[in-house]
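Following our numbering, the numbering of the sequence shown begins with 7 at its first residue and continues without gaps.
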Amino acid sequence: MVHEMKLNDRAMDNISIGVKKFELRLFDEKRAKIKLNDYIIFKSLSESSRTLKVKVLGLLHYNSFEDLFNDVDYNLCGPADSLNAKLERLHNIYPINEELKYGILAIRIEPI
7 MVHEMKLNDR
17 AMDNISIGVK
27 KFELRLFDEK
37 RAKIKLNDYI
47 IFKSLSESSR
57 TLKVKVLGLL
67 HYNSFEDLFN
77 DVDYNLCGPA
87 DSLNAKLERL
97 HNIYPINEEL
107 KYGILAIRIE
117 PI
C-alpha cells in the first residue's frame, strides 16, 4: 500500500541523504494503517511537485517522544543539537496533549 504525507524540505533532504532513518508521527487513525513493506510518498510542504518515495522497514510504537528516545538515538530522527532541542521542536509540531492521547509511531524508512 502507498501512503501520502506532507513533510518539510529539511526533513526530506535528511531522508534522501540517509541521515534521517525514522519519521515520527502521532499514532492516529491514518498512521495505524501503515504496515511493514508499505511505501510512503512524502510531498514537500513548500513545493507540491517535490516528492520522495520511501519504503517502510519498521514500525515502533511508544507512549511519548521521551519513551521513544530511551530506545532510539534522537539523531536518527533528524539532526538536532540536543535531546531537549529535539523534544522542543517536536512539541511545536505535536501538542503534548495529542502526543499523550495517540502515542507516537516511529516509522523506520529507506529512500528508494
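Using N, Cα and C, we set each Cβ at its ideal position, and we do this for glycine too.
Burial state of residue i, where buried means 16 or more other Cβ atoms lie within 10 Å
| i | result |
| --- | --- |
| Lys41 | exposed |
| Val62 | buried |
| Ile102 | exposed |
| Met7 | exposed |
| Lys36 | exposed |
| Val25 | exposed |
Pair within 8 Å by beta-carbon distance, residue i and residue j
| i | j | result |
| --- | --- | --- |
| Ser70 | Glu29 | no |
| Lys12 | Leu51 | yes |
| Ser22 | Pro117 | yes |
Helix, strand or coil at residue i [DSSP, three-state]
| i | result |
| --- | --- |
| Met11 | strand |
| Ile21 | helix |
| Arg37 | helix |
Chain E contact for residue i (CB, 8 Å cutoff)
| i | result |
| --- | --- |
| Phe28 | Going by chain labels, chain E is absent from the structure shown, which holds only one protein chain. |
**Item:** Entirely enclosed alpha helix (DSSP H) segments - the stretch 63-108, minimum 4 residues
**Value:** 71-77, 89-99 and 102-108
**Message:** Closer than 8 Å is the cut-off here; do at least three beta carbon pairs connect the stretch 72-84 with the stretch 31-50?
**Reply:** no
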